[in-house]
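Per our numbering, the first sequence starts with residue 567, numbered consecutively. Below is one structure, written out as structure tokens, with a few remarks after it.
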Amino acid sequence: MLPWRATDGGRPDPYHVWLSEIMLQQTVVATVIPYFGRFIERYPTVADLAAAPDDDVLGLWAGLGYYARARNLIACARAVVAAGGFPATIDGLRALPGIGAYTAAAIGAIAFDLPVVPIDGNVERVAARIGAVTTALPAGKAEIARVAAWLGEHAAARAAPGDFAQALFDLGASLCAPRSPSCLVCPWRGDCAGHAAGIAATLPRKAARAPRPVRFGTVFLLRDADGAIGLRRRPPKGLLGGMMELPGTVWEAAMPDAPPPMRAAWRDAGVVVHVFTHFELRLRVMAAEVAALPEGLVAAAVDAPLPSLMRKAVSMGLGGLD
DNA sequence: AAACCGGGGCC
DNA sequence: GGCCCAGGTTT
Numbered sequence: 567m568l569p570w571r572a573t574d575g576g577r578p579d580p581y582h583v584w585l586s587e588i589m590l591q592q593t594v595v596a597t598v599i600p601y602f603g604r605f606i607e608r609y610p611t612v613a614d615l616a617a618a619p620d621d622d623v624l625g626l627w628a629g630l631g632y633y634a635r636a637r638n639l640i641a642c643a644r645a646v647v648a649a650g651g652f653p654a655t656i657d658g659l660r661a662l663p664g665i666g667a668y669t670a671a672a673i674g675a676i677a678f679d680l681p682v683v684p685i686d687g688n689v690e691r692v693a694a695r696i697g698a699v700t701t702a703l704p705a706g707k708a709e710i711a712r713v714a715a716w717l718g719e720h721a722a723a724r725a726a727p728g729d730f731a732q733a734l735f736d737l738g739a740s741l742c743a744p745r746s747p748s749c750l751v752c753p754w755r756g757d758c759a760g761h762a763a764g765i766a767a768t769l770p771r772k773a774a775r776a777p778r779p780v781r782f783g784t785v786f787l788l789r790d791a792d793g794a795i796g797l798r799r800r801p802p803k804g805l806l807g808g809m810m811e812l813p814g815t816v817w818e819a820a821m822p823d824a825p826p827p828m829r830a831a832w833r834d835a836g837v838v839v840h841v842f843t844h845f846e847l848r849l850r851v852m853a854a855e856v857a858a859l860p861e862g863l864v865a866a867a868v869d870a871p872l873p874s875l876m877r878k879a880v881s882m883g884l885g886g887l888d
């Protein structure tokens, strides 16, 4: 049972629903579960989260990715507390930071039983197959939305929109899987035009993606006499916004010049390869031990909260030092 | 409408 | 190596 779902008979906690939905944006359930548990443990209520220092929240989010979500999470928590609770309307939810059309519908249906069908990747796939929508995404979105709205007219959806939405998620995550759907045991098989046409497994169709460019850079891992490492903070917006990082070069299509931040016995610790949404990064890691960190760097523990890219770089830079 | 924004697991 | 994911914000 997913930890944010209501136990039998009870209504789900809107705070739990909201937090889980934000974490689940473009992130798979298995990845979210441990983060969700740590957040609920440290911030039992939305008021606890709203009162927390930004850095505590960013640190607890480190490794989950899409860090704008964490910044919006903080802003949203504070707005909700200021308003006295979560709004129970789609428009009210949609107006909050980090909540778009999908998330407003998901929270509305699951937490407040509003009669809407949230269209995520799972529901998009289920609807495209049931309606045999062959128009490729994103152009096919409107057609898929009409099929989803038709699903919402189903008696089960009218009776319990929240349960129906989660049942659609579960269907998309299990029987109606992306690659080899289990149509023969699907409860919707008789109503599925995609299955009838023999094209269910090929839906939804998607426009071809642009190739992912490669960028290169170098980072420098400095370890002082106390075993602390030198970090700096990234700009508040943009890629890995507001997170800590190892000092280094810009990331460019050709390897930039890489003057070290100080004189030291630098060694080449290897190359970290990390794939972002829109480019692949090959980051050379240079490492050295020094008596004291240079001006401009913050001393941090080797297990300080970091984005996964920087965690990999630190790990590579520390390798073989002991 | 298109670009930007992480990370991990699966085939 | 490509594809997928319980998308939102900015331009």
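Cβ coordinates follow ideal geometry from the N, Cα and C atoms, glycine included.
Between the segment 751-770 and the segment 817-831 there are fewer than three C-beta pairs closer than 8 Å, too few to call the two in contact. Of all alpha-carbon atoms in 587, 771, 725 and 885, the one lying nearest the alpha-carbon of residue 690 is that of 771. The beta-bridge partner set that DSSP reports for residue 761 is empty. Excluding five sequence positions before and after residue 882, the CB atoms of its chain that fall closer than 7 Å to its own CB belong to 835, 836, 838 and 851, given in chain order. In the DSSP assignment, residue 669 falls within the unbroken alpha helix (DSSP H) covering 667-678.
For residue 783, the beta-bridge partners assigned by DSSP are 849. Apart from the 5 residues on each side of it in sequence, residue 796 sits with its Cβ closer than 6 Å to the Cβ of 788, 859 and 863 in its chain, given in chain order.
When the alpha-carbon of residue 662 is set against those of 672, 687, 638 and 680, the nearest one is in 638. Boundaries of the beta strand (DSSP E) around residue 799: 795-799. In the three-state reduction of the DSSP assignment, residue 861 falls in the coil class, being assigned neither a helical nor a strand state. For the pair residue 747 and residue 786, the CB atoms are not nearer than the 7 Å cut-off.
As computed with DSSP, residue 839 is found in a beta bridge with 848. With a threshold of 16 other beta carbon atoms within 10 Å, residue 732 meets it and is buried.
In this structure, the beta-carbon distance from residue 683 to residue 674 does not fall below 7 Å. The three-state secondary structure of residue 771, taken from DSSP, is coil.
Taking the C-beta atoms as reference points, residue 872 is found no nearer than 7 Å to residue 781. Taking 7 Å as the cut-off, the Cβ atoms of residue 606 and residue 623 do not count as close. Look at residue 810 here: in three-state DSSP terms it is strand.
Secondary structure note for residue 584: its alpha helix (DSSP H) is the uninterrupted segment 580-589. Residue burial annotation: residue 567 is exposed, with fewer than 16 other C-beta atoms found within 10 angstroms of its C-beta. When the five nearest sequence neighbours on each side are left out, the beta carbons in the same chain lying within less than 7 Å of the beta carbon of residue 608 are those of 626, in order along the chain. Distance from the CA of residue 692 to the CA of residue 760, rounded to the nearest whole angstrom, comes to 10 Å. Taking 7 Å as the cut-off, the beta carbon of residue 699 is found no closer than this to the beta carbon of residue 685. Fully enclosed beta strand (DSSP E) runs of no fewer than 3 residues are not present anywhere in the segment 574-652. In the DSSP assignment, residue 721 falls within the unbroken alpha helix (DSSP H) covering 721-725. Within its own chain, the residues whose Cβ lies closer than 6 Å to the Cβ of residue 840, once the five positions on either side in sequence are excluded, are 847 and 875, listed in chain order.
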